[in-house]
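Following: one structure in structure tokens, then a few remarks.
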Amino acid sequence: MALKVHNRIQQTNSDSMVDAQLNPSKPNPTASKLVSSSPSDERETSQCKPDENTPRTDICTDAYSGLSDVECKYHIESNVLGEGHHGTVRKCTNRSTGKRHAVKSICKSAPSVNIKGIQREVTLLESINHERILQLDDVFEDSQYVHLVTELCAGGELFDKIVEKSSSTVGCFSEAEAARILHQLLDAVCYLHQNNVVHRDIKPENIMFETCDEDSNIKLIDFGLARKHTSGTPMSTIVGTPYYLAPEVLNKKYDKACDLWSCGVIAYILLCGYPPFNGANNKEVYDSVQRGIYYFPPDEWRNVSHAAKDFIARLLQTDPRRRMTADQALNHPWIVHHHLDRISAVKTIKHHESLPVVSNDDDSYASFVEVVLDGAVSLHNESIVCGINCTPTSMHC
Numbered sequence: 001m002a003l004k005v006h007n008r009i010q011q012t013n014s015d016s017m018v019d020a021q022l023n024p025s026k027p028n029p030t031a032s033k034l035v036s037s038s039p040s041d042e043r044e045t046s047q048c049k050p051d052e053n054t055p056r057t058d059i060c061t062d063a064y065s066g067l068s069d070v071e072c073k074y075h076i077e078s079n080v081l082g083e084g085h086h087g088t089v090r091k092c093t094n095r096s097t098g099k100r101h102a103v104k105s106i107c108k109s110a111p112s113v114n115i116k117g118i119q120r121e122v123t124l125l126e127s128i129n130h131e132r133i134l135q136l137d138d139v140f141e142d143s144q145y146v147h148l149v150t151e152l153c154a155g156g157e158l159f160d161k162i163v164e165k166s167s168s169t170v171g172c173f174s175e176a177e178a179a180r181i182l183h184q185l186l187d188a189v190c191y192l193h194q195n196n197v198v199h200r201d202i203k204p205e206n207i208m209f210e211t212c213d214e215d216s217n218i219k220l221i222d223f224g225l226a227r228k229h230t231s232g233t234p235m236s237t238i239v240g241t242p243y244y245l246a247p248e249v250l251n252k253k254y255d256k257a258c259d260l261w262s263c264g265v266i267a268y269i270l271l272c273g274y275p276p277f278n279g280a281n282n283k284e285v286y287d288s289v290q291r292g293i294y295y296f297p298p299d300e301w302r303n304v305s306h307a308a309k310d311f312i313a314r315l316l317q318t319d320p321r322r323r324m325t326a327d328q329a330l331n332h333p334w335i336v337h338h339h340l341d342r343i344s345a346v347k348t349i350k351h352h353e354s355l356p357v358v359s360n361d362d363d364s365y366a367s368f369v370e371v372v373l374d375g376a377v378s379l380h381n382e383s384i385v386c387g388i389n390c391t392p393t394s395m396h397c
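So, in structure tokens, the structure goes:
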């Protein structure tokens with residue numbers, strides 16, 4: 001299946017967001033990649049030459065001020081894991097403990113590098129401590145680079161798993177697999193929102209697997225566009241990645257609910273292999289997002305449960321006031337049902353001990369959905385148009 005390219009954007013003029021051409025056929029939700037097919041130290045040298053006039057910016061906070069040379073503390077491998085316009089990502093090993101990490105070396109003299117943005121990201125990451133969010137371990141700076149040392153996620157991106165599934169006979173994730181990933185993602189998002197942090201660029205490329213194991217846990221990464229934000233003052237800068245942008249972001253008036261829209265898009269992709277909003281170019285994608293109309297074509301969706309479609313519909317609400325919060329999404333019956341037998345689901349359901357026992361029988365499960373949501377769910381296997389007119393208590397679309 002042909003791969004598309006969609007780049008992360010950070011623009012304030014919506015008229016200028018029409019550059020990347022997208023494959024109009026049913027696509028994989030691919031994005032611009034860091035990974036290079038020919039990692040090379042020579043390429044890195046050519047991209048970022050030492051500049052004696054480049055001053056230190058004191059990006060390292062007091063917690064890291066005593067660490068002046070990343071190579072004194074870590075042995076950095078020569079093989080490049082990822083490479084982009086700003087620098088490279090490599091594996092490294094702590095010389096004292098033997099623990100393996102990843103180090104992202106950002107070239108300070110690269111034209112598009114925003115040092116203040118890196119400082120903001122470092123400060124934000126230092127304040128975050130959650131098992132489903134990539135941990136920042138060390139920060140170093142020299143005349144040429146800023147080095148961010150983090151946990152090592154050896155299992156790769158969710159994006160790559162989606163491509164792998166799309167290219168196989170299976171085609172997509174099972175509901176159990178998708179619910180497990182989404183439970184962990186929502187756990188991270190719930191933590192961020194409770195701490196007044198909005199990620200603003202949730203997408204499969206920013207979700208990493210800790211290991212290569214089939215049931216590996218995930219980590220949410222890349223807080224370059226994240227912001228501290230309190231309710232009452234909406235954000236207005238258009239940032240994110242086209243397929244995952246909430247309509248209110250394009251309207252330049254949004255809050256933390258934009259992250260839940262992105263989670264809904266990911267849920268849709270996991271269960272069918274392609275995004276709900278598409279177009280031949282960025283502008284067409286944005287128009288599709290703002291219309292908020294999407295389909296559950298029967299060829300791909302006839303075997304997907306009513307509850308899974310309901311979960312998606314409650315996240316892909318064009319009105320953010322009607323959209324589920326992260327906590328509500330964590331406690332949606334579809335998520336709860338698929339985690340009743342997992343230790344990680346205990347804290348999700350501990351406040352719902354009075355919920356009826358759910359069997360694998362579809363009729364019993366449908367009743368369970370109705371009880372928890374306190375309203376009838378009506379989703380059919382035919383092609384369904386959802387979005388603008390869907391409400392949290394009535395999923396007739």
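Everything in the sequence shown is counted per full-length UniProt numbering, starting at 1 for the first residue and increasing by one.
Note that beta-carbon positions come from the ideal geometry of N, C-alpha and C, so glycine has one too.
Just so you know, these numbers come straight off a predicted model, no measurement behind them.
Check your understanding: To which residues of the same chain is T93 closer than 6 angstroms at the C-beta, ignoring the five residues directly before and after it?
Key -> The residue you call residue 93 lines up with position 93 of the sequence shown. H75 and R100, listed in sequence order.
**Study point:** Minimum C-alpha distance to T241 - residue among T230, R120 and I266
**Key:** In the sequence shown, counting from the first residue as 1, residue 241 sits at position 241. For T241, the nearest C-alpha among the options comes from I266.
Exercise for review: Flag this pair as touching only if the segment 161-169 and the segment 132-152 have three or more C-beta atom pairs under 8 angstroms; answer yes or no.
Suggested key: Counting Cβ pairs under 8 angstroms, fewer than three are found: no touch.
Point to revise | Nearest candidate by alpha-carbon position, reference K73, set V122, I133, H147 and Q135 | key: Position 73 of the sequence shown holds residue 73. It is H147 whose Cα lies nearest to the Cα of K73.
Review point. Given a threshold of 16 other Cβ atoms within 10 Å of its Cβ, counted over all protein chains shown, does P204 qualify as buried or as exposed?
Key: Position 204 of the sequence shown, counted from the start, is the residue given in the question as residue 204. Its Cβ being crowded by 16 or more others within 10 Å, P204 is buried.
Review point. Quick one, are the C-beta atoms of residue 406 and Q317 less than 7 angstroms apart?
Key: This structure does not reach residue 406, given that the chain is present from 1 up to 397, and the question cannot be answered.
Practice item. Using beta-carbon positions only, say whether H130 and Y191 come within less than 7 angstroms of one another. Key: On the sequence shown, position 130 is the one that residue 130 refers to. On the sequence shown, position 191 is the one that residue 191 refers to. Yes, the pair counts as a contact, with Cβ atoms nearer than the cut-off.
Practice item. Grab the span of the beta strand (DSSP E) containing R100 for me, first residue to last. Key: On the sequence shown, position 100 is the one that residue 100 refers to. That run of the beta strand (DSSP E) goes R100 to C107.
Review point. Can you list, in chain order, the stretches of the alpha helix (DSSP H) that have 4 or more residues and sit fully within the segment 182-217?
Key: none
Check your understanding: In three-state DSSP terms, what is Y244?
Key -> Position 244 of the sequence shown, counting from 1, holds the residue named residue 244. It is helical.
Check your understanding: Shortest alpha-carbon distance to V89 belongs to which of Y145, R95 and A313?
Key -> Counting from 1 along the sequence shown, the entry for residue 89 is found at position 89. Ranking Y145, R95 and A313 by Cα distance to V89 puts Y145 first.
Exercise for review: Could you tell me whether the segment 195-203 touches the segment 166-184, where touching means 3 or more Cβ pairs closer than 8 angstroms?
Suggested key: No: the two stretches stay apart, fewer than three of their Cβ pairs being nearer than 8 angstroms.
Practice item. Return the Cβ separation of L182 and C263 in integer angstroms, given the expectation that the two are a contact with Cβ distance under 8 angstroms. Key: Counting from one through the sequence shown, the residue named residue 182 turns up at place 182. Counting from one through the sequence shown, the residue named residue 263 turns up at place 263. Confirmed, about 7 angstroms.
**Study point:** Meets three-Cβ-pair contact criterion under 8 angstroms: the segment 286-306 and the segment 242-261
**Key:** yes
Review point. So what's K253 in DSSP terms, helix, strand or just coil?
Key: The sequence position of residue 253 within the sequence shown is 253, counting from 1. Coil at K253, not helix or strand.
Check your understanding: Considering only C-alpha positions, which residue in the set K252, G117, R323 and T237 is nearest to R314?
Key -> One-based indexing of the sequence shown puts residue 314 at position 314. Nearest of K252, G117, R323 and T237 to R314, Cα basis: R323.
Practice item. Over the uninterrupted beta strand (DSSP E) stretch that includes L148, give me the two end residues. Key: Locating residue 148 in the sequence shown gives position 148, where the first residue counts as 1. Where L148 is concerned, the enclosing beta strand (DSSP E) stretches over Y145 to E151.
**Study point:** Nearest-angstrom beta carbon gap, S236 and D255 [assumed within contact, 8 angstroms]
**Key:** Numbered from 1 along the sequence shown, position 255 holds the residue referred to as residue 255. Numbered from 1 along the sequence shown, position 236 holds the residue referred to as residue 236. That belief does not hold up - the Cβ atoms of D255 and S236 are roughly 11 angstroms apart, past 8 angstroms.
Exercise for review: If I'm right that Y139 touches V122 with Cβ under 8 angstroms, what's the distance once you round it to whole angstroms?
Suggested key: Taking the first residue of the sequence shown as position 1, residue 139 is located at position 139. Taking the first residue of the sequence shown as position 1, residue 122 is located at position 122. Tyr is not the amino acid found at residue 139; the sequence shown has Val there. About 6 angstroms separates the beta carbon of V139 from that of V122, a gap short enough to meet the 8 angstroms contact definition.
Point to revise | Alpha-carbon spacing of C107 relative to I221, whole angstroms | key: By 1-based counting over the sequence shown, the position of residue 107 is 107. By 1-based counting over the sequence shown, the position of residue 221 is 221. In a straight line, the C-alpha of C107 is about 19 angstroms away from that of I221.
Practice item. With DSSP collapsed to three states, give me the class of L124. Key: In the sequence shown, counting from the first residue as 1, residue 124 sits at position 124. Helix.
Review point. Whole-angstrom Cβ separation of F277 and Y294, contact assumed at under 8 angstroms?
Key: Counting from one through the sequence shown, the residue named residue 277 turns up at place 277. Counting from one through the sequence shown, the residue named residue 294 turns up at place 294. With a Cβ gap of about 6 angstroms, F277 and Y294 count as contacting.
Check your understanding: Which of helix, strand or coil does DSSP assign to R227?
Key -> As a working note, residue 227 is residue 227 in the sequence shown. Correct three-state label for R227: strand.
**Study point:** Alpha-carbon spacing of T233 relative to K252, whole angstroms
**Key:** Here the question's residue 233 lines up with position 233 in the sequence shown. Here the question's residue 252 lines up with position 252 in the sequence shown. About 12 angstroms.
Point to revise | Assumed close pair V198, D259 - CB separation to whole angstroms, cut-off 8 angstroms | key: Within the sequence shown, numbered from 1, the residue matching residue 198 stands at position 198. Within the sequence shown, numbered from 1, the residue matching residue 259 stands at position 259. Indeed, because the Cβ distance is near 6 angstroms, the residues count as touching under 8 angstroms.
Practice item. Rounded to whole angstroms, what's the CA-CA distance from I128 to R120? Just pull it up for me. Key: Numbered from its first residue, the sequence shown carries residue 128 at position 128. Numbered from its first residue, the sequence shown carries residue 120 at position 120. The straight-line gap from Cα to Cα measures roughly 13 angstroms.
Check your understanding: Would you report the Cα separation of P298 and N79, rounded to the nearest angstrom?
Key -> By one-based count along the sequence shown, residue 298 stands at place 298. By one-based count along the sequence shown, residue 79 stands at place 79. Spanning the alpha carbons of P298 and N79 requires a straight line of approximately 45 angstroms.
Check your understanding: Expressed to the nearest angstrom, what Euclidean distance is found between the alpha-carbon atoms of S109 and P320?
Key -> For this step, residue 109 is matched to residue 109 along the sequence shown. For this step, residue 320 is matched to residue 320 along the sequence shown. Approximately 39 angstroms between the Cα atoms of the pair.
Check your understanding: G87 and S112: beta carbons closer than 7 angstroms?
Key -> As a first step, residue 87 must be located in the sequence shown, where it is residue number 87. As a first step, residue 112 must be located in the sequence shown, where it is residue number 112. Going by C-beta atoms, G87 is not nearer than 7 angstroms to S112.
Exercise for review: Classify L340 as helix, strand or coil using the three-state DSSP reduction.
Suggested key: Your numbering for residue 340 matches position 340 in the sequence shown. Three-state result, L340: coil.
Exercise for review: State buried or exposed for Q194, treating a residue as buried only when at least 16 other CB atoms are found within 10 Å of its CB.
Suggested key: Within the sequence shown, numbered from 1, the residue matching residue 194 stands at position 194. Result: exposed.
Point to revise | Own chain, CB closer than 8 angstroms to L250, minus 5 neighbours either side, in chain order | key: Position 250 of the sequence shown, counting from 1, holds the residue named residue 250. Contacts found: S14, I238, Y286, V289 and Q290.
Check your understanding: Given R95, which residues of its chain have a CB within under 7 angstroms of its CB, disregarding the five upstream and five downstream residues?
Key -> Within the sequence shown, numbered from 1, the residue matching residue 95 stands at position 95. Excluding positions up to five away in sequence, the list reads K73, Y74 and H75.
Practice item. Round the Cβ separation of E177 and V304 to the nearest angstrom and send it over; I've been treating them as touching at under 8 angstroms. Key: Within the sequence shown, residue 177 is the residue found at index 177, counting from 1. Within the sequence shown, residue 304 is the residue found at index 304, counting from 1. So it is not a contact: roughly 13 angstroms between Cβ atoms.
Point to revise | Paired residues, beta bridge with V139 - DSSP | key: Mapped onto the sequence shown, residue 139 falls at position 139. V139 pairs with L148.
Check your understanding: Cβ atoms of G279 and C212: under 7 angstroms apart, would you say?
Key -> Your numbering for residue 212 matches position 212 in the sequence shown. Your numbering for residue 279 matches position 279 in the sequence shown. Contact flag unset, no.
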